[in-house]
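Chemist: For any residue, its number in our numbering is found by taking its place in the sequence shown, counting from 1, and adding 167. Beta carbons are placed, not taken as given, at the ideal position from N, Cα and C, and that holds for glycine. Keep in mind the model is a prediction, meaning the values are calculated, not measured.
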Amino acid sequence: MDIERLWEACLDAAPHMALDDLTNPGPALEQLLADSRALEHVRSLLPGIWGQLATHPARSVLEATLGIQVARAHTDDLLVARLLQRRSAGRFMIGDRLKASSDAEAALALLTHVALPPAQRAEERAATLALLANAQISLGQVQKGLIALEEALSIAEARGLTAALGGYLSSVGNARLVQGRVREAADYYRRAQELAERCRHPLGRAVNHGNLGLVHLALGALEAAAEELGAGLALAEELGNGNTTSLLLANLGLVHLEQGALLAARGACVRALDLAQQIGLEAGAARIELRLARIEREAGELDAADAHLARAEGLLAPRDPYRAELAVERGWVAWARGAGQRAAAALQQ
Numbered sequence: 168m169d170i171e172r173l174w175e176a177c178l179d180a181a182p183h184m185a186l187d188d189l190t191n192p193g194p195a196l197e198q199l200l201a202d203s204r205a206l207e208h209v210r211s212l213l214p215g216i217w218g219q220l221a222t223h224p225a226r227s228v229l230e231a232t233l234g235i236q237v238a239r240a241h242t243d244d245l246l247v248a249r250l251l252q253r254r255s256a257g258r259f260m261i262g263d264r265l266k267a268s269s270d271a272e273a274a275l276a277l278l279t280h281v282a283l284p285p286a287q288r289a290e291e292r293a294a295t296l297a298l299l300a301n302a303q304i305s306l307g308q309v310q311k312g313l314i315a316l317e318e319a320l321s322i323a324e325a326r327g328l329t330a331a332l333g334g335y336l337s338s339v340g341n342a343r344l345v346q347g348r349v350r351e352a353a354d355y356y357r358r359a360q361e362l363a364e365r366c367r368h369p370l371g372r373a374v375n376h377g378n379l380g381l382v383h384l385a386l387g388a389l390e391a392a393a394e395e396l397g398a399g400l401a402l403a404e405e406l407g408n409g410n411t412t413s414l415l416l417a418n419l420g421l422v423h424l425e426q427g428a429l430l431a432a433r434g435a436c437v438r439a440l441d442l443a444q445q446i447g448l449e450a451g452a453a454r455i456e457l458r459l460a461r462i463e464r465e466a467g468e469l470d471a472a473d474a475h476l477a478r479a480e481g482l483l484a485p486r487d488p489y490r491a492e493l494a495v496e497r498g499w500v501a502w503a504r505g506a507g508q509r510a511a512a513a514l515q516q
């Protein structure tokens, strides 16, 4: 069997994203691990695994996991570290933030001893620190994330890594927004946007348009928020980046909701949900279901709101912070039905 067919056979036989947990690898994986061509095949896939994060993050996670098995079998620690980076990014996108954090930490540990020129080691470390920081911030570990980003920023500034520096500044902005320091967040996003424009990085521009839209939303400037999100959405759609498109549509739906434009809010969120489901963004889909529940509640469609809440509950991880929002929205739906006692219980939860 040629190596490409053997690789696909392993992917088809593997439990979804669980290859790292297998105690019995099965005949296809045993054959792949023993094949002398496997390591070079995995190296050739590295750009593709990174590239498909925007459109097929779950597939990217699975391919990275299979690649890690091959790289470990051949004791190639640098390749393992690079695959862990990619898997961390993919797990972050699909909402598995704890495992994303663990993968980034494991990659950092490997990078401390692999043979690399000092400059390259520093750049790899900065990129991995940013992955770790993004996961930590999303888990509420904001101060830890900021410490990691401080080192990443220092490396990027010293090495003149303009595009990377923009991404790290944007991540600091995310942390400040979580902390409620909205105007500081805006400053970081604007600096990141300037760098994205300078180095002609359209995805960076799209993301920062969206981030600035959230700043305007937090400040109550709804028209400005819609304008920024619309600009980012146009870029993301032109690039074919499903992950960013879905996120921007969902946030645009929130702006429309705040404007009282329920039909526009529903339309944007339905499009966002469809994209999230297509590319396997379970956590993103859950959050959009929560947004749709609020839209239907405000439209007086309480049965539809309950249906969205049930789907969100099925998608959210047990410790996902959005479970608090789920409980609150359940309380508001119960209140709208006139079930005050049930509403109070949900809000207390």
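To which residues of the same chain is alanine 453 closer than 6 Å at the C-beta, ignoring the five residues directly before and after it?
Modeler: Within the same chain, alanine 453 has close Cβ partners Ala479, Leu482 and Leu483.
Chemist: For leucine 419, would you say it is in contact with chain D, using Cβ-to-Cβ distances shorter than 8 Å as the test?
Modeler: Among the chains in the structure shown there is no chain D, since it carries only a single protein chain.
Chemist: Could you tell me which of Ala180, Ala297 and Val345 sits nearest to valine 309, measuring between CA atoms?
Modeler: Out of Ala180, Ala297 and Val345, Val345 has the C-alpha closest to the C-alpha of valine 309.
Chemist: DSSP three-state call for serine 203: helix, strand or coil?
Modeler: In the three-state reduction of the DSSP assignment, serine 203 falls in the coil class.
Chemist: Just to confirm the assignment, what range does the alpha helix (DSSP H) spanning asparagine 418 have?
Modeler: 409–425
Chemist: In the structure shown, what three-state DSSP assignment does cysteine 366 receive?
Modeler: coil
Chemist: Please state whether DSSP places proline 214 in a helix, a strand or coil.
Modeler: helix
Chemist: With respect to the alpha helix (DSSP H) encompassing aspartate 244, which residues constitute its N-terminal and C-terminal limits?
Modeler: 244–261
Chemist: Are the CB atoms of leucine 316 and alanine 331 within a distance shorter than 8 Å?
Modeler: no
Chemist: Could you spell out the range, first to last residue, of the alpha helix (DSSP H) harbouring alanine 286?
Modeler: 285–305
Chemist: Is the beta carbon of leucine 178 sitting closer than 8 Å to the one on leucine 251?
Modeler: No, Cβ-Cβ distance for leucine 178 and leucine 251 is not below 8 Å.
Chemist: Are three or more beta carbon pairs between the stretch 410–424 and the stretch 441–461 nearer than 8 Å?
Modeler: yes
Chemist: Hey, which unbroken runs of the alpha helix (DSSP H) at 4 residues or more fall wholly within the stretch 439–507?
Modeler: Within the stretch 439–507, the complete alpha helix (DSSP H) runs of at least 4 residues are 449–465, 469–482 and 489–503.
Chemist: Quick check: what's the CA-CA separation for isoleucine 446 versus threonine 222?
Modeler: 6 Å
Chemist: Per DSSP, what kind of secondary structure is glutamine 308 in: helix, strand or coil?
Modeler: Three-state DSSP puts glutamine 308 in coil, outside helix and strand.
Chemist: Can you find the residues in the same chain that come closer than 6 Å, C-beta to C-beta, to histidine 376, ignoring five residues on each side of it along the sequence?
Modeler: Glu395, Ala398 and Gly399
Chemist: So for threonine 279, helix, strand or coil by DSSP?
Modeler: coil
Chemist: Measure the CB-CB distance between leucine 457 and tyrosine 489 and report whether it falls below 8 Å.
Modeler: yes
Chemist: Based on Cα-Cα distance, which residue from Lys266, Leu370, Thr329 and Ser203 lies nearest to threonine 242?
Modeler: Ser203
Chemist: What three-state label does DSSP hand leucine 386 in the structure shown?
Modeler: coil
Chemist: State buried or exposed for aspartate 270, treating a residue as buried only when at least 16 other CB atoms are found within 10 Å of its CB.
Modeler: buried
Chemist: Beta carbon of isoleucine 235, beta carbon of serine 227: below 8 Å?
Modeler: no
Chemist: Mind checking glutamate 496: buried by the 16 CB within 10 Å criterion, or exposed?
Modeler: buried
Chemist: Quick one: residues in its chain with C-beta nearer than 7 Å to the C-beta of alanine 472, no 5 flanking neighbours on either side, listed in chain order?
Modeler: So the qualifying residues of the chain are Ala460, Glu463, Arg464 and Val500.
Chemist: Whole angstroms are fine: how far does the CA of alanine 359 sit from the CA of glycine 334?
Modeler: 7 Å
Chemist: What span of residues does the alpha helix (DSSP H) with glycine 234 cover, start to end?
Modeler: 224–240
Chemist: Going by the CB atoms, is the gap between valine 382 and alanine 353 shorter than 8 Å?
Modeler: yes
Chemist: Please identify the residue among Glu405, Leu493, Leu476 and Ala392 whose C-alpha is closest to the C-alpha of aspartate 423.
Modeler: This sequence places histidine at residue 423; aspartate is not what is there. Of the listed residues, the one whose Cα sits closest to histidine 423 is Ala392.
Chemist: Answer with buried or exposed for glycine 420, where buried requires no fewer than 16 other C-beta atoms within 10 angstroms of its C-beta.
Modeler: buried
Chemist: Under 8 Å by Cβ, that's how I've got leucine 265 and leucine 306 pegged, so tell me the actual separation to the nearest angstrom.
Modeler: Rounded, the Cβ-Cβ distance is 7 Å, consistent with contact.
Chemist: Using the Cβ count rule (16 or more neighbours within 10 Å means buried), how would you classify aspartate 263?
Modeler: buried
Chemist: Are there 16 or more other CB atoms within 10 angstroms of the CB of arginine 367, so buried, or fewer, so exposed?
Modeler: exposed
Chemist: If you compare alpha carbons, which of Arg254, Tyr355, Leu402 and Arg348 is closest to alanine 273?
Modeler: Arg254
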